[in-house]
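Notes for the one structure printed next.
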Amino acid sequence: MTRRIFKDDTFRIKMRPIIKDPMVFLNVARILDLKKRFYPLPVDFKSCQELLEAAEKGNLAEFQRLLAADERRLQFRDSQGRQAVHHAALNDRINILEYILGRPNADLRPVDNEGNTPLHSACMRDSVKAIALFINHDPEQLECYNKEFQAPLHLATQLNKVGSLKALCDFKSKFDVEMRSKHGRTALHLACIFDNAEAALVLLRDHGASPKTTCDNGFYPIHEAAKNASANAMRALLEFGESIGCPRAEMMKLFDAEGNVPLHSAVHAGDLKAVELCLESGAFISTQQHDLSTPVHLACSQGAIDIVRLMFRCQPDQKMGCLTCSDAQNMTPLHCAAMFDHVELVEYLVDEGASMNATDKEGRSVLLLAAARSAWKTVMAILKLGADLKSQRDNQGRTLLHHIVLSGGSIEEFTSDKERLEEFMQLLNERDSSGCTALHYASRNGQLKSIQSLIVLGAAVNLKNNDNQSPLHFAAKYGRYNTVRHLLDSKKGHLIINEMDGEGKTPLHIASQCGHVRVVHLLLVKGALLHRDHKGRTPLHYAAMNGFNNTMEQLLAVHSHLLDQTDRDGNTALHMAAMKNRSSTAVMLLHMHCKVTKNGIDMSPMDYALHYKHSEVAMAMVTHPTRSEEIMMSQVKTYGCLVEGLTAVMPEVMMTVLDRGISKSKMSHDSTEYYVKYSFACLQNSENADVVPMTDEPLPVMNIMVRYGREELLSHPLSVKYLETKWNAYGLYFHIVNLMVYTVFLAFLTLNAVQLMQDNKKRQRGVSSADVANAFARPSIATLSSLTSVIVLLFVMINVLKEAFQLIQQRTKYFVDVMNMLEWALYLAAGLMALSQLTRTEERSYQNIVAAVAVFLAWFNYLLFLQRFNRVGLYVVMFLEILSTLLRVVMVFSVLIIAFGLSFHILLARVELTTRKAIIDPYTGNLSYVLNTLDDKGFHSPLVSLIRVGTMMLGELDFLGTYLSPLRNLDSSAWYQIVAATMFLVAFIILMPILLMNLLIGLAVGDIETVRRNAQLKRLTMQVRLHTDLERKLPRKILAEVDKTEISIFPNQKGSGNLFWRTVKRWFGSARINTGTSGAGSNNNNRALSKSFTQQVESQISEVNEQLNRQKEKMRDMSRNMEQQLVLLRLIVSKMDIKSETEEMDEGEFNPTAVASDNAENSSSDEK
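Be aware that the sequence shown starts at 1, since it is given in full-length UniProt numbering, and climbs by one per residue.
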């Protein structure tokens, strides 16, 4: 097949013949611009280099020769990404450029690696002719940007190519001179930034650039010149401004976005020439920016003393105004110089008349500000200049000594001068607005060197602040061990060790509250007394409140009587631990045999745990190894007993309590001696102690679980086993007897109903008392019926009395139970049936109806009676669960049943059908036709139609008789109704039998596990109620004999007993509760695997616990060894007289915004 190439549908070439001539093929490919696709020869690198050199030198003949041999050489790029056209433009080779631009389909905008077009390259070398050529051919190149977002105009300005700028000026009508580069800068901004004065003049004079255009940052060109120390460019701007009638002084008043004038920018740049030029041009040194800072402020902040001297020399009349001028923080230039420790400048400003007593916004003088910023050289200089110490205070009342201590300065350096020693002595005990002296802050920060200096100078250690706290309180709060030691070793140390603050707390209270063990130990050794604060709390209360166990051990080791002491509210340390959820603290206190008491408002520690829902401390207390029984027997205020409180508020804690009631032997799980021991101490009252005191209600704990709906507690293995023991002890026997009695009643009721269907003609007369007496001697149908009727009536009367007694007991709750209403209906129907047989003389239809209702209710009640038995009862409860789900779904979708029932009634109720089938009378031989109506199909009334739709859901559609036959035999008017009914039938089949029935099946199958679990839990709830009712009726002696406090189960041993009793127990005994997700059909292999897996997990857990305990012991040993080594190292350092920077700072931590209790969650955070 011949391939063809089409262009404009006019030029067609047969490819195969033309390929034989390569030159013709190259010409065709050039015309069609397909040379890249069809050209087969490789590119010669050396020839391409020669092509670039020819373009660079302007050798047109050589350029043409090389290009004719291979036109792809024109696209060749060097290492900088430049093509031949870039090299020609750089060297202004106009002949090469004209040849290239004259070629068809010439690319006028190739870019190099920097994104520069040939016009960019021409502007870089002042290639004036090339610039004109490119603009004439392609003016849009003027707005092409490179990777630095620069147009040719910006690049020429940045490189100060005046020739290029002048050449571009000839075409200024074709571009905007104010075009923006990066950050919105114009070409004039770039000229000012790079100090290209000639370029700036060309832009201003020839291009008409505006000097009042701002960039995106809000800077004018003159600000850029000042900020970048471009003095030449600034001078050019000012001269141009004067030439157009704009005075220099006006240009010096231009504000940028931050309120800076050019003089501010020049000071920022630190260029002396630029500053001098601004000053010569009329800039004022008193001009303020937005934050009210003058250029003098900026120069002083930078420490530029030469610029300050220049400004004062040029404008001496404004010098004093600038020295007294304040910025937004009310700081003078002297403040700015002092805060950055520019000593020489500070001395110069003071010599020039700056006031050292001026204050900033916080009331700090120059001296105080320098001390606050740790500018110690400036502080020394100002002191030498004669600053007054005693009168200088900031707004917080702090003196120089306060700031020296707060900033970590050395007091010895400032007090070495004897002339100033007296002034510093007067500041030793000066207080600030909070009442703190310098010693307070030194104690808080742990500055040992400053503390020693202050104490040596005579600072009072017993002065207190506004909160009545001394320096010792501060040191104790932040754990400054050495600071406490220094303060106590002072002359008045024995006077402050037991001083109280505003809350009545001593240093021992505060150290205990913050958990500083070493400080607590030091205070106790030094003789700290156990005072109480204003709330009556001891240090142990605060240590327990914040969970510092090591601190508590230190306190109790010295003062063991603190253990059970109470505060003013009657709270012990255990109360405090329960309030703050300190579980480890509560365990430690219980180990130390603390008393579990109630406070002044009759609240115990467990009351607070329940009130604040602190499950951790509650868990720790109820699972304590030795005190758990005492805790469980304690009474709580809100709930009466602890079990009820845990069940209501903390079911997870109650689950743990139940878990502790199950213990397993240490033997192998496969051994016949392996057993599981169940202890019911937490589920029932005993002779020694009552779990639920002050109650005679049977099964109190189980009823509490039912009352609060804690199904997870009811399904716990211990609860299940407890109910199982109750069932096996007496429940099984009573319910089997009850079942047998009801079975007898059911048999007589059924017999009586069956006898009702016998021939009534044989019993025309009523039944007399003689007939009843002779029933056993000569039984007949009538006498047997009478006998069964009497027995049924007796049973009905007994049960009616029982239900009446229950109604009196339960009152309104009786009517909530649907089963009660069902039993009343049963007894009413059974009584009417029996009475009708004893009194009737003729047969009546209502008697059969009553008998049917009585039989149905009796057998249905028998089914409900079986749910009391564990194994078979599970299926009954599941049946009721699914029944309730079905009823809810049917109630929802009954709307569709009504919709379809009424539609079928309207369409099919009055349609008459006449068939043409001939019927011949066999006697007369006459021919007749049958006339049928659709009333016989079940749609003649709305109610019957709804019932018919219900049967249609189960598959009774009768499509042939109801729909297809009428379609073939009806006339046209009724035919359309049948068609519409058929369409409704199709919709009915899709929605009801298919969709709805599948939905019900899906709900039944998908939710079967949830149904089974709910049925188990409901059965347990019912079992609790049944056992409760039984125990109320049984004598106490029987219950005392059958109740068990614990039971041991040997799962690997076979059961004993005869076959019959084992069968009864298997069907009516207790079933095990499966709380997992596995189905009820788990086999023995799965159980064996589960046991082995459980055994492996338990062994692994025990191994992990042992390893953790060993690691904890190792860590404790390491901690002790490190402490001993630290003591030895300190001793070695002191003996060798080695001094380090860390010796000046004490241990401890400082966080003034945090409360110490927030830093301690458990005893592991204590100091070692």
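For glycine and all other residues, C-beta sits at the position ideal for the given N, C-alpha and C. Since we're looking at a predicted model, the values are computed, not measured.
If you look at V676, you'll find it isn't in any alpha helix (DSSP H); it sits in the beta strand (DSSP E) that goes 676–679. Annotation for Q315: I285 place their beta carbon closer than 6 Å to its own, counting only its chain and skipping 5 residues before and after. H297 sits buried, since 16 or more C-beta atoms from the chains shown fall within 10 Å of its C-beta. Taking all protein chains in view, the Cβ of K212 is surrounded by fewer than 16 other Cβ atoms within 10 Å, so the residue is classified as exposed.
Taking C-beta atoms as the reference points, L349 and L323 count as a pair closer than 8 Å.
Our two residues, A747 and V855, have alpha carbons roughly 10 Å apart in a direct line. Around the CB of L943, fewer than 16 other CB atoms lie within 10 Å, so the residue is classed as exposed. In this structure, V691 lies away from M655, with their beta-carbon atoms at least 8 Å apart. When the five nearest sequence neighbours on each side are left out, the beta carbons in the same chain lying within less than 7 Å of the beta carbon of R568 are those of K535, G536, in order along the chain.
By the neighbour-count definition (other C-beta atoms within 10 Å, threshold 16), S1048 is an exposed residue. Shown here, K664 sits in a strand according to DSSP, grouped into three states. For S1048, the enclosing beta strand (DSSP E) starts and ends at 1046–1049. Secondary structure within the segment 470–498: the alpha helix (DSSP H) runs of 4 or more consecutive residues, fully enclosed, are 471–477, 481–489, 493–496 (chain order). Secondary structure within the UniProt repeat "ANK" (258–290): the alpha helix (DSSP H) runs of 4 or more consecutive residues, fully enclosed, are 262–269, 272–280 (chain order). W727: not part of any alpha helix (DSSP H); DSSP gives it neither H nor E. Non-local C-beta neighbours of M339 in its own chain, meaning closer than 6 Å and more than five positions away in sequence, comprise L369, R373, ordered along the chain.
For the options T359, H402, T415, G363, the alpha carbon positioned closest to that of K384 is the one of T415. A residue is called buried when at least 16 other Cβ atoms come within 10 angstroms of its Cβ; S326 meets this threshold and is buried. Here M1115 is exposed, its C-beta having fewer than 16 other C-beta atoms within 10 Å.
Contact between the segment 142–158 and the segment 187–196 is present: three or more C-beta pairs spanning the two stretches fall below 8 Å. Distances from the alpha-carbon of H342 to those of S355, A358, S301, R313 put S301 closest. Contact between T1028 and N703 holds, since their C-beta atoms are separated by about 6 Å, short of 8 Å. When C-alpha distances from A1015 are compared across S715, Y145, L487, A88, the shortest belongs to S715.
For D351, the uninterrupted alpha helix (DSSP H) segment begins and ends at 343–351. Taking one beta carbon from each stretch, the segment 504–514 and the segment 540–555 have 3 or more pairs nearer than 8 Å; the two touch. Look at Q447 here: in three-state DSSP terms it is strand. Counted as a single uninterrupted DSSP element, the alpha helix (DSSP H) harbouring G831 occupies residues 818–839. Within its own chain, the residues whose Cβ lies closer than 6 Å to the Cβ of D607, once the five positions on either side in sequence are excluded, are V636, K637, listed in chain order. Beyond the five residues adjoining it in sequence on each side, D216 comes within less than 6 Å, by CB distance, of H183, G184 in the same chain, given in chain order. In the displayed model, F194 falls within coil according to three-state DSSP, outside both helix and strand.
Our two residues, N848 and S836, have alpha carbons roughly 10 Å apart in a direct line. A check of alpha carbon separations from F795 across T743, T572, E711 identifies T743 as the nearest. Where H611 is concerned, the enclosing alpha helix (DSSP H) starts and stops at 605–611. Cα atoms of R485 and L713: separation of roughly 57 Å, rounded to the nearest angstrom.
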